[in-house]
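Counting from 1, position 38 in the sequence shown corresponds to residue 27 in my numbering; the numbering is continuous, with no gaps.
What follows is a single structure, written as structure tokens, with notes after it.
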Amino acid sequence: MVYLRELNCSDVNENYLSWMNDSEITKYLEVRFRQFSIDDLIKFVNETKKSDTNYLFGIFLKESNKHIGNMKIGDINKFHHFADVGLLIGDKKEWGKGYATLAIKEACKIAFNDLNLYKLKSGMYENNLGSYRAFLKVGFKEVGRYKNHWICGEKREDEILLELLKEDFHE
């Protein structure tokens, strides 16, 4: 249903730009506080491609090759073999279809099999229920919370902390 491919500058277009400047799509991302240009996104993609501790993938539908979101693995701690993982489903028409779960699973395969990581971790706003459920479906476990960590709108929210160990991942 979905596949991940390293994001290239040729993937940066008006559609991708519209996701990053849409307050509903970026509601739970720290990038929501600024407006982006095409040049900003090209610079970000180029910087990530040069990094040896961050990987940025596009999430694409298999049947149409349509770019529907992004997945990031990084920063990678090479000594301890762990990394953060996060995603964005930018195409609102594709929300609620299970694509986030599938993309997380694909990212886990890359992280554990290709990058030889031992642990993946993720954090999210407590009201980001879609993301929370998607990570749990792949096998991530809640390991803690930072109380009242984020300001979202007019109120504070916890950050939920999740992790998945290599031996607990089932392809």
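Quick reminder that beta carbons are idealized off the backbone N, C-alpha and C, glycines included.
Three-state class that DSSP yields for residue i in the structure shown
i	result
Asn105	coil
Val20	helix
Ile93	helix
Lys86	coil
Beta-ladder partner(s) of residue i, from DSSP
i	result
Ser111	Leu151
Tyr135	Glu148
Cys162	Lying before the first or after the last residue shown, residue 162 is absent from the chain, which here runs from -10 to 160.
Leu6	Answer is none; Leu6 lacks a bridge partner.
Ala72	Ile65 and Leu109
Glu78	Residue identity differs from the one stated: residue 78 is Ile in this sequence, not Glu. According to DSSP, Ile78 bridges with Gly58.
Pick from the options that is closest to residue i, judged by C-alpha positions
i	options	result
Ser53	Glu83, His70, Lys61 and Tyr121	Glu83
Gly47	Arg23, Ile78 and Lys126	Ile78
Glu115	Val20, Asn35, Ile62 and Gly133	Gly133
Lys55	Glu19, Asn2, Lys61 and Cys141	Asn2
Arg145	Glu152, Leu151, Tyr135 and His159	Tyr135
Tyr107	Gly87, Tyr121 and Asp157	Asp157
Lys61	Lys94, Leu76 and Ser26	Leu76
Glu19	Gly142, Lys155 and Leu154	Gly142
Glu192	His159, Lys155 and Tyr121	The question about residue 192 has no answer here: the residues shown for the chain are numbered -10 through 160.
Element boundaries [beta strand (DSSP E), containing residue i]
i	result
Arg(-6)	Val(-9) to Glu(-5)
Tyr44	Asn43 to Leu50
Ala100	Looking at the DSSP string, Ala100 is not in any beta strand (DSSP E), and its letter there is neither H nor E.
Boundaries of the alpha helix (DSSP H) in which residue i is found, first to last residue
i	result
Val34	Ile27 to Lys39
Ser120	Leu118 to Val127
Presumed contact (8 Å Cβ cut-off) between residue i and residue j, rounded CB distance
i	j	result
Val127	Thr90	6 Å
Asn110	Phe71	Residue identity differs from the one stated: residue 110 is Lys in this sequence, not Asn. Yes, Lys110 and Phe71 are in contact; Cβ-Cβ is about 6 Å, under 8 Å.
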